[in-house]
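*Asks:* Sharing a structure here in structure tokens format.
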Amino acid sequence: MTVAGSREHQMFPALDPQQLATARRFADDEPRYFLPDEMIFNVGERHAPAWLVLEGSIEVLRQDGLSSSVPVTRHTTGQFSGEVSQLSGRPSLASGRAGAEGCMAVSFDAPHLRALIIGTADIGEIVMRAFILRRVALIDQGGAGSVLIGKPGSADLIRLQGFLARSGYPYVALDSDTDGQGRDLVHRLGILREELPLMV
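In our numbering, the protein residues as written are 89 to 288.
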């Protein structure tokens, strides 16, 4: 069973009304309304704030190096976006857009998010657990990272995979011979077999 499947309720918790009211006091700005399908944050965005949904929803998507988008979750009232990147200033591993009904949300930049985590023990524990589990799940699923294309078991491919794994950077590895997307990209770019692996 995956981290996402076994701990989904901890990855995507909803704050109760009292917790929601407490958390709002730590927000870095007034609530903001987003139109339906309006982008709220993008993959690769540095210092993207975490967002607490007050009304409507935020649809979260992950992408790979081939620009394929996959839905991750839908945050509704009392739920918050983000993962550990929001605390460290690293690039976001996912993108988020307002749901079909739009979204009213408040933002928490890194200093305000840290203040929330430190200043409210119960909410801080909920947020940190969710952020850590989300990051682990995105890395496990290869979300928003690079795509490696090569021959499984080749020394160069194994070396790249090891480096990315040690760095906590998500990736997906495609077989250059048997995976359709990988094979097509190698042919389209005119890459020779001896020039593999390819990192996109």
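Glycine included, C-beta positions come from ideal geometry on N, C-alpha and C.
Is the beta carbon of A198 closer than 8 Å to that of S175?
*Replies:* For this step, residue 175 is matched to residue 87 along the sequence shown. For this step, residue 198 is matched to residue 110 along the sequence shown. Going by the sequence as given, residue 175 is Leu instead of Ser. Taking 8 Å as the Cβ cut-off, L175 and A198 qualify as a contacting pair.
*Asks:* How would you label G238, buried or exposed, when you count the other beta carbons within 10 angstroms and need 16 or more for buried?
*Replies:* Position 150 of the sequence shown, counted from the start, is the residue given in the question as residue 238. Buried is the call here.
*Asks:* Who pairs with T161 in a beta bridge, going by DSSP?
*Replies:* Sequence index remark: in the sequence shown, residue 161 carries index 73 (1-based). Answer by DSSP bridge pairing, in chain order: V148.
*Asks:* Starting from R113, trace the alpha helix (DSSP H) both ways and give me its first and last residue.
*Replies:* The count along the sequence shown starts at 1 and reaches residue 113 at position 25. Counting along the chain, R113 falls outside any alpha helix (DSSP H), and DSSP gives it neither H nor E.
*Asks:* Are the beta-carbon atoms of A203 and G170 separated by less than 8 Å?
*Replies:* Within the sequence shown, residue 203 is the residue found at index 115, counting from 1. Within the sequence shown, residue 170 is the residue found at index 82, counting from 1. In this structure, G170 does not lie closer than 8 Å to A203 by Cβ.
*Asks:* Measuring CA to CA, which of G177, A102, Q249, M99 is closest to A136?
*Replies:* Locating residue 136 in the sequence shown gives position 48, counting from the first residue. Considering only alpha carbons, the answer is G177.
*Asks:* Using three-state DSSP, classify D263 as helix, strand or coil.
*Replies:* In the sequence shown, residue 263 corresponds to position 175, counting from 1. In the structure shown, D263 sits in a strand (DSSP, three-state: E or B).
*Asks:* Would H141 and A193 be called neighbours here (beta carbons separated by less than 8 Å)?
*Replies:* The residue labelled residue 141 in the question sits at position 53 within the sequence shown. The residue labelled residue 193 in the question sits at position 105 within the sequence shown. First, the residue type needs correcting, since residue 141 is Val and not His in the sequence shown. Result yes, Cβ atoms of V141 and A193 sit closer than 8 Å.
*Asks:* If you measure between the beta carbons of F100 and Q167, is that distance less than 8 Å?
*Replies:* Indexing the sequence shown from 1 puts residue 100 at position 12. Indexing the sequence shown from 1 puts residue 167 at position 79. Result yes, Cβ atoms of F100 and Q167 sit closer than 8 Å.
*Asks:* How would you write the range of the alpha helix (DSSP H) that E189 sits in, first residue to last?
*Replies:* Position 101 of the sequence shown holds residue 189. Taken as a continuous stretch (DSSP letters only), E189 belongs to no alpha helix (DSSP H), being part of the beta strand (DSSP E) at 182 to 196.
*Asks:* Can you say whether L286 is buried or exposed, counting buried as having 16 or more other CB atoms within 10 angstroms of its CB?
*Replies:* To locate residue 286, count along the sequence shown from 1; it is residue 198. By the neighbour-count rule (16 or more Cβ atoms within 10 Å), L286 is buried.
*Asks:* How many angstroms separate the CA atom of E147 from the CA atom of R162?
*Replies:* One-based indexing of the sequence shown puts residue 147 at position 59. One-based indexing of the sequence shown puts residue 162 at position 74. One C-alpha to the other measures close to 4 Å.
*Asks:* Do A111 and I211 come within 8 Å of each other at the CB atom, strictly closer than that value?
*Replies:* The residue given as residue 211 occupies position 123 in the sequence shown. The residue given as residue 111 occupies position 23 in the sequence shown. Contact flag set, yes.
*Asks:* Once the 5 residues before and after N130 are set aside, which same chain residues still bring their CB inside 8 Å of it?
*Replies:* For the purposes of this step, residue 130 is identified with residue 42 of the sequence shown, where counting begins at 1. Excluding sequence neighbours, N130 sits near A136, S180, S183.
*Asks:* Can you round the beta-carbon distance between I206 and V172 to whole angstroms, since I take them to be within the 8 Å contact cut?
*Replies:* By one-based count along the sequence shown, residue 206 stands at place 118. By one-based count along the sequence shown, residue 172 stands at place 84. Actually they do not touch by this definition, with Cβ atoms about 16 Å apart.
*Asks:* Assign G270 to buried or exposed, taking buried as 16 or more other Cβ atoms, counted over all protein chains shown, within 10 Å of its Cβ.
*Replies:* For the purposes of this step, residue 270 is taken as residue 182 along the sequence shown, with counting starting at 1. Counting Cβ neighbours within 10 Å, G270 comes out buried, since at least 16 surround it.
*Asks:* F251: buried (16+ other C-beta within 10 angstroms of its C-beta) or exposed?
*Replies:* Counting from one through the sequence shown, the residue named residue 251 turns up at place 163. With fewer than 16 other Cβ atoms within 10 Å, it is exposed.
*Asks:* Would S234 and R120 qualify as a contact pair, given that the criterion is a beta-carbon distance under 8 Å?
*Replies:* For the purposes of this step, residue 234 is identified with residue 146 of the sequence shown, where counting begins at 1. For the purposes of this step, residue 120 is identified with residue 32 of the sequence shown, where counting begins at 1. In this structure, R120 does not lie closer than 8 Å to S234 by Cβ.
*Asks:* Can you have a look at L201 and say buried or exposed, based on whether 16 or more other CB atoms are within 10 angstroms of its CB?
*Replies:* The count along the sequence shown starts at 1 and reaches residue 201 at position 113. It counts as buried.
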